[in-house]
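Mapping of the sequence shown onto mature numbering (1 follows the signal peptide of the UniProt record, and there is no 0): residues -18 to -1, 1 to 359, in sequence order. Think of the CB as a built atom: it goes at the ideal place given N, C-alpha and C, for glycine as much as any other residue. Because the structure is a prediction, the values reported are computed rather than measured. Working notes for the structure below.
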Amino acid sequence: MKKIIFAALAILTSILFAADPIRFIAPKPIKGSIETLKFAQIIDLIGAVGPESLAFDTNGGGPYTGVGDGRILKWVQGHGWSDFAFTASNRTGCVRPFAPEMEHVCGRPLGLRFHPKTGDLYIADAYLGLQVVGPNGGLATQILTEAENEPFKFTNDLDIDEVDDFIYFTDTSTRFQRRQFIASVLTEDDTGRLMKYNLVSQKVQVLLRGLKFANGVALSKDRSYVLVAETISGRILRLWLHGPKAGTSDIFAELPGFPDNIRRNSKGEFWVALHSKKGIISNFLQSNLWFAKALLRSPLSFKQLHALLIGFKAHAIAVKLSEEGQIVEALEDSEGLTMKLISEVEEKNGKLWIGSVLFPFVGHYDLNERESASRRD
Ligand SMILES: *[C@@H]1O[C@H](CO)[C@@H](O)[C@H](O)[C@H]1NC(C)=O
């Protein structure tokens, strides 16, 4: 009798366990990934959130990062964070760390890159376009707010070709602003663009249009191609710049989630931070667009819609792509214990520096530590 009750209990427990809705809905860990990002160290931002992009200056100083109230901060070991630059001239009302309704006034610096030759910092500000500030910081100068007569709505990321003095950068959408990114995803907006700005002639050219949430940008080491992340489709596209295929584009990589920024390491490989993995709900919404659009008109809040898209459990995943576009490494914090919703991974001197669009800290992780971690099979 006892045995039967015991067996019945065991069966019931396993059924309940299997039916645990979050466990069912939340995206599964990626095959071959290493569960290491939970061991990342964190550096708190004081009174600031959302260090989306990270950059080091030409002397190796930093990281620098743009945060939610429009400031660009600089980190100095032993001294902490200090204000470095701004993209908006009037910061009177820019007092709260997270205030999306103020972003068009205060600016929202996303992609950051230092020009290796001049030491100038180039900034893709989501609302204020392409900007630049000198090595001493202060108020940045606006370079561009439109391309081919179409204003930028959501400038997102950039990379610099220091040899030819070109800047490659993205405008995520001509319809939606950064604070409306959920609407952009749910309607599968395809108005993103990749541009090239010539620093010498000061001319801008649209290279690719019709992109589904144009996001991170990275040049290859030999400058033969430029990559652009298409967040909604989960793809990294490659546009050939030199050689026989110049001017044509192809799919460089298909990813298990929604890619944000792309950063090349010194070997020429690329780290891609994924905002989240794809899961049952996001797949369903993407194949039932009418339902996704209806959700936008439902009383669900921004937070609830976001939770739906990420599968109810914020997590972190970064993948490393070879120069040929193969996923050669995947690092996770699948429970979101330390890192979640990451936006950028920058490799520097054996360490990964990790940004996030939401959290009040920057993460860093020593790559040597992953040798002791085991791979999922
Ligand atoms: C700056 O913005 C505030 C409101 O946010 C406004 O009252 C003030 O006049 C502005 N200052 C200038 C110089 O434009």
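Pick out the complete alpha helix (DSSP H) segments inside the segment 6 to 50, 4 residues or longer, and give them in chain order. none
If you draw a straight line from the alpha carbon of W222 to that of S258, how long is it in whole angstroms? If you number the sequence shown from 1, residue 222 lands on position 240. If you number the sequence shown from 1, residue 258 lands on position 276. Approximately 28 Å, taken between the alpha carbons.
Would you mind stating whether L209 and L237 have Cβ atoms separated by less than 8 Å? Residue 209 sits at position 227 when you count from the first residue of the sequence shown. Residue 237 sits at position 255 when you count from the first residue of the sequence shown. Going by C-beta atoms, L209 is not nearer than 8 Å to L237.
From F294 to I263, what distance separates their C-alpha atoms? As a first step, residue 294 must be located in the sequence shown, where it is residue number 312. As a first step, residue 263 must be located in the sequence shown, where it is residue number 281. Rounded to the nearest angstrom, the two C-alpha atoms are 10 Å apart.
Unbroken beta strand (DSSP E) run spanning K178, endpoints: As a position in the sequence shown, residue 178 is number 196, starting the count at 1. Run containing K178: G174 to N180, per the beta strand (DSSP E) assignment.
In the DSSP output, which residue or residues are listed as bridge partners for R246? As a position in the sequence shown, residue 246 is number 264, starting the count at 1. The partner list for R246 (beta bridge, DSSP) reads F252.
Just the Cα atoms here: how many angstroms apart are E311 and V301? As a position in the sequence shown, residue 311 is number 329, starting the count at 1. As a position in the sequence shown, residue 301 is number 319, starting the count at 1. The alpha-carbon atoms of E311 and V301 are separated by roughly 6 Å.
Where does H346 sit, in a helix, a strand or coil, going by DSSP? Sequence index remark: in the sequence shown, residue 346 carries index 364 (1-based). In this structure, H346 counts as strand in the three-state DSSP scheme.
Count the other C-beta atoms from every protein chain shown that fall within 10 angstroms of the C-beta of L19, then say buried if there are 16 or more, exposed otherwise. Residue numbering aside, residue 19 sits at position 37 when the sequence shown is read from its first letter. So L19 counts as buried.
Give me the DSSP bridge partner(s) of S354. Sequence index remark: in the sequence shown, residue 354 carries index 372 (1-based). For S354, which the question treats as bridged, DSSP gives no partner whatsoever.
Identified DSSP bridge partners for F80: Along the sequence shown, one-based indexing puts residue 80 at 98. Answer is none; F80 lacks a bridge partner.
Using only the heavy atoms of ligand 1, determine whether one of them is closer than 7 Å to the beta carbon of G293. Residue mapping note: residue 293 aligns to position 311 of the sequence shown, counting from 1. No; taking the cut-off as 7 Å, the Cβ of G293 has no heavy atom of ligand 1 nearer than that.
List the endpoints of the continuous beta strand (DSSP E) containing V301. On the sequence shown, position 319 is the one that residue 301 refers to. A298 to L303 is the span of the beta strand (DSSP E), which, as asked, contains V301.
Quick check on DSSP: helix, strand or coil for Q159? Position 177 of the sequence shown, counted from the first residue, corresponds to residue 159. Three-state result, Q159: coil.
Taking C-alpha atoms, which residue in S316, A108, G307 and Q286 lies nearest to I299? The count along the sequence shown starts at 1 and reaches residue 299 at position 317. Minimum Cα distance to I299 is reached at S316.
At 4 residues or longer, and completely inside the segment 184 to 269: list those alpha helix (DSSP H) runs for me, N to C. 262 to 269
Under 8 Å between the Cβ atoms of N351 and F21? One-based indexing of the sequence shown puts residue 351 at position 369. One-based indexing of the sequence shown puts residue 21 at position 39. This sequence places Glu at residue 351; Asn is not what is there. Yes, Cβ-Cβ distance for E351 and F21 is below 8 Å.
Going by the CB atoms, is the gap between Y207 and Q159 shorter than 8 Å? Position 177 of the sequence shown holds residue 159. Position 225 of the sequence shown holds residue 207. Contact: no.
On the DSSP bridge list, what partners appear for Q124? As a working note, residue 124 is residue 142 in the sequence shown. Q124 is bridged to Q113.
Could you tell me if the beta carbon of N72 falls within a distance shorter than 7 Å of some heavy atom in ligand 3? In the structure on display, ligand 3 does not appear, and the ligands it does have are ligand 1.
Below 8 Å between beta carbons: does that hold for E218 and A211? Within the sequence shown, numbered from 1, the residue matching residue 218 stands at position 236. Within the sequence shown, numbered from 1, the residue matching residue 211 stands at position 229. A small correction: the amino acid at residue 218 is Ile; Glu does not occupy that position in the sequence shown. Contact flag set, yes.
Please confirm whether P98 and W335 have their CB atoms less than 8 Å apart. Here residue 98 refers to the residue found at position 116 of the sequence shown. Here residue 335 refers to the residue found at position 353 of the sequence shown. No, these two residues do not count as a Cβ contact at 8 Å.
Can you list, in chain order, the residues of its chain whose CB lies under 6 Å from that of T47, leaving out five sequence neighbours each side? Numbered from its first residue, the sequence shown carries residue 47 at position 65. Correct list, in chain order: P33, L36 and L55.
To the nearest angstrom, how far is the alpha carbon of A81 from that of G89? Numbered from its first residue, the sequence shown carries residue 81 at position 99. Numbered from its first residue, the sequence shown carries residue 89 at position 107. Rounded to the nearest angstrom, the two C-alpha atoms are 11 Å apart.
So does G75 have its beta carbon nearer than 7 Å to some heavy atom of ligand 1? Locating residue 75 in the sequence shown gives position 93, counting from the first residue. Checking the Cβ of G75 against ligand 1 gives yes.
Tell whether a beta-carbon distance below 8 Å holds between R175 and A196. In the sequence shown, the residue the question calls residue 175 occupies position 193. In the sequence shown, the residue the question calls residue 196 occupies position 214. Cβ atoms of R175 and A196: closer than 8 Å.
On the DSSP bridge assignment, give the partners of K333 in chain order. Your numbering for residue 333 matches position 351 in the sequence shown. Partner(s): K330 and D348.
Own chain partners of A342 with C-beta closer than 6 Å, once the 5 adjacent residues on each side are dropped: Walking along the sequence shown from the start, residue 342 turns up at place 360. The question names Ala, but residue 342 in the sequence shown is Pro. Cβ within range, chain order: L27 and V31.
Which residue from R358, K333, R279 and R357 puts its Cα closest to that of I24? Here residue 24 refers to the residue found at position 42 of the sequence shown. Closest by alpha carbon: K333.
What are the boundary residues of the beta strand (DSSP E) that includes V310? As a working note, residue 310 is residue 328 in the sequence shown. Residues I309 to D315.
Residue closest to G43, alpha-carbon to alpha-carbon, out of P117, E306, A122 and Q124: Within the sequence shown, residue 43 is the residue found at index 61, counting from 1. It is P117.
What do you reckon, are the CB atoms on L201 and D143 nearer than 8 Å? Taking the first residue of the sequence shown as position 1, residue 201 is located at position 219. Taking the first residue of the sequence shown as position 1, residue 143 is located at position 161. Going by C-beta atoms, L201 is nearer than 8 Å to D143.
Which residues in the same chain as D102 place their Cβ atom closer than 8 Å to its Cβ, once the five residues preceding and following it in sequence are excluded? Mapped onto the sequence shown, residue 102 falls at position 120. Excluding residues within five positions, the ones whose Cβ falls inside 8 Å are F96, V114, V115, G116 and P117.
Can you check DSSP and say which residues form a bridge with K56? Here residue 56 refers to the residue found at position 74 when the sequence shown is read from its first residue. DSSP output for K56 lists Y46 and S64 as bridge partner(s).
Between which two residues does the beta strand (DSSP E) containing L94 stretch? Counting from 1 along the sequence shown, the entry for residue 94 is found at position 112. Counting along the chain, the beta strand (DSSP E) containing L94 begins and ends at P91 to F96.
The beta strand (DSSP E) spanning A106 covers which residue range? For the purposes of this step, residue 106 is taken as residue 124 along the sequence shown, with counting starting at 1. Where A106 is concerned, the enclosing beta strand (DSSP E) stretches over L103 to D107.
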